[in-house]
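Residue numbers (UniProt numbering), protein chains in the order written: chain Y, 1 to 325; chain C, 1 to 325; chain R, 1 to 325; chain G, 1 to 325.
We put the beta carbon where it would ideally sit given N, CA and C, even for glycine.
Just so it is clear, the structure is predicted and the values come from calculations on it, not from any experiment.
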């Protein structure tokens with residue numbers, strides 16, 4: 001096997017806190033193994049357009065604590081076409097790139113998988129998404145930071161809810177899965193959690209709240225929704241209509257969940273998989289996502305990382321029920 | 001003058017971080033001067049209903065750092081009627097209360113002023129509102145915390161805006177005045193600020209953004225709105241319609257702005273005016289709000305505290321214009 | 001098996017963020033299963049002195065987000081004697097307590113184990129310590145919060161270190177193990193980590209720093225030390241003596257690491273094991289610590305939980321070496 | 001008067017959060033007025049050594065929220081000599097610099113004053129120091145952030161102090177003045193404050209603590225000390241010796257007070273005086289510090305800004321006494 005001498009690095013899809021820590025780890029590890037790193041800006045879009053630049057140890061100095069991604073990110077329609085991928089491959093060839101590290105989520109790895117099947121280009125992926133919706137890793141980079149951002153916000157909302165005896169419908173991110181809502185619901189002492197996997201019957205929700213502790217003055221209902229906000233507003237509307245005696249408010253936490261300084265665990269996770277990514281390319285891995293399962297580095301083919309829905313731990317829902325009484 | 005021996009204390013209107021620090025200061029200072037304090041829950045509503053309880057030094061232990069108000073707050077329609085105020089006065093008489101400390105904003109002081117004119121009950125007020133929209137004090141309790149909460153949130157939004165080259169319309173609280181939007185707009189490096197006092201012409205806004213630095217990848221527009229959110233959505237809708245090439249998002253910060261641990265300055269302000277409130281009642285003050293102007297305790301009749309609109313420092317708008325280029 | 005109807009609950013040893021979340025979970029779960037909870041203040045000391053009080057759902061309202069422990073904690077010399085334990089047992093009998101939930105670390109469980117062997121009293125333990133030095137759980141309650149507190153502090157120190165081109169020796173807690181130092185060292189981009197398990201040769205340390213990137217202006221050395229601070233001062237003294245050209249400073253983070261709002265993960269962990277603790281007592285468990293291993297509830301005899309030293313993941317040290325180049 | 005076309009900008013002395021916001025404001029305002037800005041690294045040391053580089057709007061993008069100073073800072077012995085200042089002046093002349101903006105504190109302005117008297121070089125200063133010990137401005141850039149950092153830390157310490165019924169001696173920065181200790185002492189509910197301006201008699205301190213509320217379980221004593229830590233250790237030693245029944249701990253907050261994201265108020269202050277600095281140089285100001293007094297821009301000759309000691313508001317000490325009962 002020829003030793004890899006030059007790799008490309010990009011972030012793609014929704015940004016997540018800790019992506020910069022992963023970028024730093026990849027660049028520093030590559031340097032350690034005498035591999036050149038070419039940064040690719042704006043994901044697949046930049047790969048097609050040739051937004052390439054060399055990265056050294058200094059270019060990632062003092063970024064471990066920064067939110068966002070210094071490589072920027074974008075969604076690319078063009079890369080979904082064979083022509084787009086051909087252009088991307090030509091750019092990589094022109095720059096002598098022999099392997100790729102992709103940081104992102106579902107869409108990123110789907111693109112990487114197709115590309116890796118079409119062209120002789122090893123690609124390994126790092127799980128960077130706040131949604132924690134990938135198989136093959138206990139946690140994704142950004143999830144821990146996002147859930148801490150959510151509970152900070154809900155702690156604040158609880159302050160004002162308590163002062164006014166209010167019911168708050170709080171909407172958090174999480175696309176098609178309720179993993180953010182579940183843990184943050186438990187951690188912020190929510191009285192109820194509504195996730196895509198569960199029933200959204202308003203009467204059942206209100207029964208649940210009505211039958212809760214009578215002396216609880218404030219109530220928080222955590223709702224999981226995707227990027228297209230609004231579910232919480234609709235729920236709020238129905239609650240107000242059917243239960244006008246509640247002083248009900250809606251709060252959409254929105255994009256604050258994507259930013260901020262990464263948590264310690266996110267930085268450690270990003271650093272560990274970042275080191276492992278470079279070592280994986282050296283060892284001949286390709287078409288795999290590198291995660292951490294049970295505290296050990298784990299390699300999962302892209303199709304498995306994305307294909308299945310991450311299942312909800314049913315115990316979590318029971319815990320909410322028990323603890324909110 | 002008969003020495004006051006027992007006072008009532010309540011919070012009213014929207015809650016604000018630092019109200020608990022003010023409550024603590026009033027209770028501890030009263031104890032220092034051998035005055036009993038009766039806590040009144042839920043503002044005027046609780047005054048009418050007799051939600052009274054004695055407070056001692058211990059009942060305010062370890063609350064200086066807590067958001068919200070341990071006395072709870074509410075809005076009272078009944079207190080706006082002569083009958084309601086009569087009931088409230090009777091309750092106060094039954095409990096032997098000789099003076100009141102009211103913590104709140106505009107509505108709180110309007111109620112206090114009318115009540116103080118109708119009945120022989122000295123009332124002094126402490127400015128507790130995140131809006132900073134009172135005359136007679138440089139800052140209101142809660143404003144400093146709220147603006148720090150806003151910039152923390154916008155810093156996070158900036159992270160993701162930078163990563164995606166996006167334009168964000170961020171809506172902050174501030175009722176009829178733009179004081180939260182102004183300082184947080186400067187402090188978060190917003191590219192533009194829209195406040196009630198200024199024109200909301202979308203074309204002018206976009207001209208401004210278009211003519212800004214071409215190499216700026218992210219843009220933040222700060223919009224001031226009241227409790228009824230939505231202004232930012234409408235602005236976002238217009239921007240998306242007229243300028244579809246921008247990747248535009250809307251974020252309503254909402255009620256997180258009301259909660260959280262009070263900042264150092266809010267705690268100091270609350271403590272200082274809390275001490276001064278008790279001393280003012282002892283000295284025969286009534287119908288006045290106690291604030292801090294130019295670092296000195298200041299006494300302002302309720303009608304002056306509320307009557308005039310707080311004026312916008314025009315320099316602030318110019319600063320935004322200069323610094324966002 | 002007779003169904004348990006009344007249990008005692010206490011925290012002991014060093015406090016840790018998330019203990020309150022665990023207390024809340026135990027109390028609420030007990031209520032769910034119709035079990036009475038008696039809170040015991042100040043750990044074994046309070047058990048001996050009879051500092052008992054009944055707890056209901058309301059007594060744990062709004063504490064999930066609070067640092068410290070509302071049950072207070074203490075170290076007890078008396079409980080180390082047979083006479084002390086006899087007094088404690090008598091108190092428990094007098095109050096009709098049929099089982100105990102102990103929240104704490106090494107010392108807490110050692111006491112519980114001895115007590116549980118001497119008397120017919122089922123005791124289960126919850127791992128509450130910032131040190132993460134227990135077997136039988138992937139993480140202890142408080143560890144995640146503590147490491148986030150550390151990196152927040154070191155991020156601040158990095159700001160000033162960068163501005164002044166300084167070398168900082170930062171001492172973190174961690175008793176006899178370096179688990180706090182390891183993860184926070186990686187997460188704050190430390191140039192070197194000194195833990196009890198590794199050599200403390202100053203010349204080797206300085207070689208390592210000298211041979212690092214020449215263009216790095218600031219350097220952080222993370223040192224693990226126990227409650228008795230001072231190791232970092234001695235290291236700082238030696239560095240200053242041998243390498244006077246470095247602008248060297250020492251910072252002992254100290255007790256801030258024990259406080260603060262618990263992180264999301266600590267709250268979730270505390271909630272899960274708190275629910276499991278009550279269920280374990282109902283199911284006849286005794287003399288076991290309840291932790292989470294690989295995301296599943298796990299039961300570990302007290303002697304195993306405490307006996308062995310938690311081993312250091314050698315990969316972590318290599319990661320620091322690779323990433324600080 | 002010839003219009004200024006090129007200015008130099010530097011930070012000097014101890015760094016303070018908000019310096020970057022001030023740098024950004026100076027650079028952007030200069031651009032607005034078509035003035036070139038030359039950044040000078042490492043203060044007077046870099047001025048002597050010619051560490052100059054041109055700054056444009058982009059070079060200050062996204063720094064408003066960063067702690068530290070991107071221009072770095074240093075203390076210069078050489079600049080204290082006429083030869084050093086001559087070298088600095090020659091460098092400025094070689095680069096065509098016609099005016100200087102200095103960001104720093106006491107030492108910075110003393111250097112600027114002497115330099116400005118010796119050479120025909122207009123210098124204006126911006127107050128950048130966490131100590132708030134300058135005349136001519138209500139607050140210095142960095143003070144508000146530092147006091148918030150302190151109370152965040154002391155809130156954490158309070159959590160653990162409460163859990164263990166401990167007495168903590170907490171040392172904060174503040175050089176020769178107690179302004180950080182005073183406000184943070186009030187804001188964190190400290191039971192006593194020891195500042196350079198007051199007596200440090202340990203017996204008096206303990207009397208005060210002993211005579212405080214008997215039911216208070218934790219006690220915080222806030223001690224103001226300069227960069228040379230240690231005062232708190234000595235006080236702690238004496239307390240432990242004379243009052244062994246107290247469980248006493250010492251915590252030196254140290255350099256975390258210098259870093260971190262600047263608060264909203266610090267960013268606004270830095271932005272306002274940064275804009276004013278450029279306008280002042282255009283208007284012919286020199287040898288003046290630009291601050292904000294009573295919410296208006298204020299110009300103070302360097303000798304007045306530094307000469308007098310900032311006086312302690314005696315009311316603050318009384319407030320601590322009243323509120324800690």
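(message) Just to confirm the assignment, what range does the beta strand (DSSP E) spanning residue 101 of chain R have?
(response) The count along the third chain starts at 1 and reaches residue 101 of chain R at position 101. Element bounds for residue 101 of chain R: 99-104.
(message) Once DSSP output is grouped into helix, strand and coil, what is the label at residue 251 of chain Y?
(response) Along the first chain, read from residue 1 onward, the residue named residue 251 of chain Y stands at position 251. Look at residue 251 of chain Y here: in three-state DSSP terms it is strand.
(request) Label residue 93 of chain G either buried or exposed according to how many other C-beta atoms from any shown protein chain fall within 10 Å of its C-beta, with 16 as the threshold for buried. (result) Position 93 of the fourth chain holds residue 93 of chain G. By the neighbour-count rule (16 or more Cβ atoms within 10 Å), residue 93 of chain G is not buried but exposed.
(request) Return the chain-ordered list of same chain residues with a C-beta closer than 8 Å to the C-beta of residue 112 of chain C, the five sequence neighbours on each side being excluded. (result) Start at 1 with the first residue of the second chain, and residue 112 of chain C comes out as number 112. 100, 102, 123, 125, 287 and 302.
(message) So if I threshold CB-CB distances at 9 Å, which residues from the segment 257-268 of chain Y count as touching chain R?
(response) 261, 262, 263, 264, 265, 266, 267 and 268
(request) Check each residue of the segment 23-50 of chain C: if its Cβ is closer than 8 Å to any Cβ of chain G, include it; give the result in chain order. (result) 24, 25, 28, 29, 31 and 32
(message) I'd like to confirm the pairing. Which residues does DSSP put opposite residue 299 of chain C in its beta bridges?
(response) Reading the second chain from its first residue, position 299 is the one you call residue 299 of chain C. According to DSSP, residue 299 of chain C bridges with C:290.
(request) Indicate whether at least one CB of chain G lies closer than 8 Å to the CB of residue 274 of chain R. (result) Stepping through the third chain from its first residue, residue 274 of chain R is reached at position 274. Output row for residue 274 of chain R: interface = no.
(message) Quick test of your reading: residue 26 of chain C and residue 277 of chain C, contact by CB under 8 Å. State the CB separation rounded to the nearest angstrom.
(response) Reading the second chain from its first residue, position 26 is the one you call residue 26 of chain C. Reading the second chain from its first residue, position 277 is the one you call residue 277 of chain C. Sure, about 6 Å apart at Cβ, within 8 Å.
(request) Using DSSP bridges, identify the partner residues of residue 222 of chain Y. (result) By one-based count along the first chain, residue 222 of chain Y stands at place 222. For residue 222 of chain Y, which the question treats as bridged, DSSP gives the partners Y:170 and Y:193.
(message) Judging by CA-CA distance, which residue of Y:312, Y:284, Y:117 and Y:45 is the nearest neighbour of residue 295 of chain R?
(response) Taking the first residue of the third chain as 1, we reach residue 295 of chain R at position 295. That would be Y:312, whose Cα lies nearest to the Cα of residue 295 of chain R.
(message) If distances are taken between C-alpha atoms only, which option among Y:210, Y:43, Y:190 and Y:241 comes closest to residue 224 of chain Y?
(response) Counting from one through the first chain, the residue named residue 224 of chain Y turns up at place 224. Cα-wise, what sits closest to residue 224 of chain Y is Y:190.
(request) Mind checking which residues open and close the alpha helix (DSSP H) that includes residue 317 of chain Y? (result) By 1-based counting over the first chain, the position of residue 317 of chain Y is 317. From DSSP, the alpha helix (DSSP H) with residue 317 of chain Y extends over 314-323.
(message) Just to confirm my understanding: we take residue 257 of chain R, look at its own chain, exclude 5 residues before and 5 after, and list those with CB closer than 7 Å. What are they?
(response) The residue you call residue 257 of chain R lines up with position 257 of the third chain. Result list for residue 257 of chain R: 130, 146, 149, 150, 172 and 173, in chain order.
(request) Give a yes or no on whether the minimum CB-CB distance between residue 164 of chain R and chain G is below 8 Å. (result) Taking the first residue of the third chain as 1, we reach residue 164 of chain R at position 164. Answer yes: the Cβ-Cβ gap between residue 164 of chain R and chain G drops below 8 Å somewhere.
(request) Determine which residues share a DSSP beta bridge with residue 372 of chain G and list them. (result) The structure shown does not extend to residue 372 of chain G, since chain G is modelled only from 1 to 325, so the question has no answer here.
(request) Could you tell me whether any non-hydrogen atom of the ligand HEM is closer than 7 Å to the CB of residue 294 of chain G? (result) No copy of the ligand HEM occurs in the structure displayed, which carries no ligand at all.
(request) Can you give me the Cβ contacts of residue 206 of chain Y inside the same chain, cut-off strictly under 8 Å, excluding the 5 residues immediately before and after it? (result) Taking the first chain and counting its residues from 1, one reaches residue 206 of chain Y at position 206. Same-chain partners within the cutoff: 239, 242 and 243.
(request) Put residue 87 of chain C into one of helix, strand or coil per three-state DSSP. (result) Working through the second chain from its first residue, we reach residue 87 of chain C at position 87. Note: residue 87 of chain C maps to helix in three-state DSSP.
(request) Could you tell me whether any Cβ in chain G is nearer than 8 Å to the Cβ of residue 15 of chain R? (result) Counted from its first residue, the third chain places residue 15 of chain R at position 15. By this cut-off, residue 15 of chain R is an interface position.
(message) For the pair the segment 17-26 of chain C and the segment 64-71 of chain C, tell me if three or more CB-CB distances fall below 8 Å.
(response) yes
(request) With residue 121 of chain C as the anchor, note down where its alpha helix (DSSP H) starts and where it stops. (result) In the second chain, counting from the first residue as 1, residue 121 of chain C sits at position 121. Looking at the DSSP string, residue 121 of chain C is not in any alpha helix (DSSP H), and its letter there is neither H nor E.
(request) Compare the C-beta of residue 237 of chain R against all C-beta atoms of chain G and say whether one is closer than 8 Å. (result) Position 237 of the third chain, counting from 1, holds the residue named residue 237 of chain R. Closer than 8 Å: no.
(message) Between residue 155 of chain R and chain Y, is any beta-carbon pair separated by less than 8 Å?
(response) To locate residue 155 of chain R, count along the third chain from 1; it is residue 155. It does: the Cβ of residue 155 of chain R has a partner Cβ on chain Y nearer than 8 Å.
(request) Could you spell out the range, first to last residue, of the alpha helix (DSSP H) harbouring residue 233 of chain R? (result) Within the third chain, numbered from 1, the residue matching residue 233 of chain R stands at position 233. Looking at the DSSP string, the run of the alpha helix (DSSP H) that includes residue 233 of chain R is 231-242.
(message) Give me the DSSP bridge partner(s) of residue 11 of chain Y.
(response) On the first chain, position 11 is the one that residue 11 of chain Y refers to. Per DSSP, Y:103.
(message) Suppose the cutoff is 8 Å on Cβ atoms and the five residues either side in sequence are ignored; what does the same chain contact list for residue 319 of chain R look like?
(response) Residue 319 of chain R sits at position 319 when you count from the first residue of the third chain. Cβ neighbours of residue 319 of chain R beyond the five flanking positions: 186.
(message) Let me see if you follow: with CB-CB separation under 8 Å, is residue 340 of chain G close to chain C or not?
(response) Only positions 1 to 325 of chain G appear in this structure, which leaves residue 340 of chain G out of reach.
(message) Strictly below 7 Å CB to CB, what residues from chain G border residue 319 of chain C?
(response) Locating residue 319 of chain C in the second chain gives position 319, where the first residue counts as 1. What residue 319 of chain C touches in chain G: 271, 272 and 275.
(request) Label residue 86 of chain R either buried or exposed according to how many other C-beta atoms from any shown protein chain fall within 10 Å of its C-beta, with 16 as the threshold for buried. (result) Residue 86 of chain R sits at position 86 when you count from the first residue of the third chain. Label assigned to residue 86 of chain R: exposed.
(message) Do residue 52 of chain C and residue 95 of chain C have their beta-carbon atoms positioned less than 8 Å apart in this structure?
(response) Translated into the one-based positions of the second chain, residue 95 of chain C becomes position 95. Translated into the one-based positions of the second chain, residue 52 of chain C becomes position 52. The answer is yes: Cβ separation under 8 Å.
(message) Taking the straight line between their C-alpha atoms, what separation do you get for residue 4 of chain Y and residue 220 of chain R?
(response) If you number the first chain from 1, residue 4 of chain Y lands on position 4. If you number the third chain from 1, residue 220 of chain R lands on position 220. Rounded to the nearest angstrom, the two C-alpha atoms are 32 Å apart.
(message) What residue range does the beta strand (DSSP E) around residue 53 of chain C cover?
(response) Translated into the one-based positions of the second chain, residue 53 of chain C becomes position 53. Run containing residue 53 of chain C: 52-55, per the beta strand (DSSP E) assignment.
(request) Could you name the residues that DSSP lists as bridge partners for residue 141 of chain C? (result) In the second chain, residue 141 of chain C corresponds to position 141, counting from 1. Beta-bridge pairing links residue 141 of chain C to C:128.
(message) Using a Cβ-Cβ distance cut-off of 8 Å, determine whether residue 67 of chain R contacts chain A.
(response) Absent here is chain A; the protein component of the structure consists of chains Y, C, R and G.
(message) Restricting to Cα atoms, I'd like to know which of C:323, C:84, C:290 and C:107 is closest to residue 22 of chain C.
(response) Residue numbering aside, residue 22 of chain C sits at position 22 when the second chain is read from its first letter. The shortest Cα separation from residue 22 of chain C among C:323, C:84, C:290 and C:107 belongs to C:290.
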